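Numbering (the numbering used here), first residue to last: 503 to 932. The beta-carbon is built from N, C-alpha and C at its ideal position, and this holds for glycine as well. These numbers were taken from a predicted model, which means no experiment stands behind them. Report on the following structure.
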């Protein structure tokens with residue numbers, strides 16, 4: 503008896519130290535099902551299929567993967583066109599995409615898992631954990647000639663909540679909307695988004711900590727590298743490398759075997775090519791400030807919490823299904839239902855897109871006005887997208903997930919994003 507009890511306690515210790523706990527709830531893993539059994543119209547799903555097929559066949563997109571699920575059943579999962587046009591490599595349902603900013607929700611989830619363990623308060627200053635942030639400074643003057651500047655003290659310090667809600671005042675370097683910050687970040691050698699270079703997030707974040715802010719922390723919504731800061735913060739608080747934390751605490755428990763910062767060699771041939779259109783033909787996007795092959799080459803040390811992951815439509819749908827289940831999947835609890843409620847709450851007031859959406863602790867969330875405007879889903883539908891033309895949404899009221907994965911850069915004559923979302927909700931037939 504004592505031996506059995508000791509074994510049980512050991513198992514519970516191992517389970518809980520990995521961050522997830524067993525739940526009395528046991529929602530099934532995502533499985534294939536029929537449209538009729540989950541209350542969706544097969545005929546209306548066929549219209550979505552025709553729309554996506556026509557877009558690819560007309561040359562407006564090189565290829566895409568679409569997934570629709572309801573009540574935990576995948577009822578639409580199709581691949582279109584080419585993953586690589588020049589080599590005639592067809593798109594497959596399990597093709598792996600660079601999900602870029604879709605990484606942010608996963609990083610935010612990891613932050614909230616540690617918050618649940620009482621490791622910190624959301625309104626703690628980040629300098630408590632990363633001292634290099636010290637006292638926040640706001641940009642005062644800027645010299646265009648040499649990118650030098652002066653600063654003035656901020657009235658508040660950056661908090662963890664500021665970082666997770668994009669209200670910290672930190673910028674986004676090469677994609678920043680303010681040319682001054684593009685130049686400041688470039689001069690400081692900040693690594694934005696993704697890289698093949700031999701640099702860690704710790705090194706990049708500590709450089710970032712010395713730079714001026716757009717505005718006083720908490721005052722405005724400014725899309726930023728705050729989630730990269732939080733990737734390093736997770737390392738500090740957990741004592742684990744960020745990539746290993748995500749693997750042990752989220753990906754393995756949820757069965758997300760195709761979600762990685764850097765793909766194992768046996769998955770390299772499933773990575774889609776980023777393409778752009780030149781003289782009417784889809785070609786591989788060239789090396790610019792980054793190499794699009796970053797998931798499979800280079801130093802593989804930069805674990806960007808804001809943009810670094812690659813994944814499949816099914817893996818990301820699995821992550822979203824956990825949220826639709828209020829933090830649980832297949833008997834494993836990743837987050838408490840009460841934590842999910844806070845994550846979906848309005849954390850930014852009117853600082854985000856006022857009216858149709860608010861921003862929570864991981865997602866943009868549809869408001870009643872957004873629901874009534876049409877095409878966005880029910881109140882509470884949460885969403886985001888990625889730099890390479892990927893998108894997702896999940897509706898907690900209708901239990902619907904929609905994912906559309908594409909991989910393009912440059913000018914694209916593509917209306918599938920709004921059409922797909924709008925048409926998904928018209929398929930509901932119960």
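Going by Cα to Cα distance, which pick from the options is closest to residue i?
i: residue 696; options: 631, 640, 600, 720; result: 600
i: residue 594; options: 613, 603, 717, 565; result: 565
i: residue 691; options: 682, 710, 608, 681; result: 710
i: residue 922; options: 612, 859, 650, 892; result: 892
i: residue 698; options: 567, 822, 797; result: 797
i: residue 757; options: 671, 823, 801; result: 823
i: residue 778; options: 767, 573, 765, 794; result: 794
i: residue 574; options: 706, 916, 590, 535; result: 535
i: residue 724; options: 665, 760, 875, 708; result: 665
i: residue 587; options: 931, 927, 910, 932; result: 910
i: residue 740; options: 608, 617, 897; result: 617
i: residue 809; options: 877, 693, 817; result: 693
i: residue 747; options: 727, 807, 776; result: 807
Using the DSSP secondary-structure output, state which residues sit across from residue i in a beta bridge.
i: residue 651; result: 644
i: residue 885; result: 866, 895
i: residue 904; result: 570, 895
i: residue 786; result: 777
i: residue 581; result: 567
i: residue 525; result: In the DSSP output, where bridge partners are listed per residue, residue 525 has none listed.
i: residue 639; result: 655
i: residue 812; result: 600, 762
i: residue 930; result: 542
i: residue 875; result: According to DSSP, residue 875 bridges with nothing at all.
i: residue 575; result: 533, 572
i: residue 588; result: None; residue 588 has no bridge partner.
Please classify residue i as buried or exposed, where buried requires at least 16 neighbouring CB atoms within 10 angstroms.
i: residue 918; result: buried
i: residue 530; result: exposed
i: residue 920; result: exposed
i: residue 872; result: buried
i: residue 908; result: buried
i: residue 645; result: exposed
i: residue 929; result: buried
i: residue 925; result: buried
i: residue 548; result: exposed
i: residue 789; result: exposed
i: residue 602; result: buried
i: residue 755; result: buried
i: residue 718; result: buried
i: residue 736; result: buried
i: residue 863; result: buried
i: residue 1009; result: No information on residue 1009 is available, as it lies outside the stretch 503 to 932 that the chain covers here.
i: residue 712; result: exposed
i: residue 913; result: exposed
Could you round the C-beta distance between residue i and residue j to whole angstroms and report it? I think they count as a contact, below 8 Å.
i: residue 522; j: residue 839; result: In fact, because the Cβ distance is near 15 Å, the residues do not count as touching under 8 Å.
i: residue 730; j: residue 703; result: 6 Å
i: residue 846; j: residue 884; result: 6 Å
i: residue 901; j: residue 826; result: 6 Å
i: residue 905; j: residue 542; result: Not really, about 15 Å apart at Cβ, beyond 8 Å.
i: residue 532; j: residue 815; result: Actually they are not in contact, since the Cβ atoms of residue 532 and residue 815 sit about 11 Å apart, beyond 8 Å.
i: residue 675; j: residue 684; result: 6 Å
* alpha helix (DSSP H) runs contained entirely in the stretch 704-728, provided each spans 4 or more residues -> none
* **Complete runs of the alpha helix (DSSP H) confined to the stretch 654-695 [at least 4 residues]** => 662-666, 681-690
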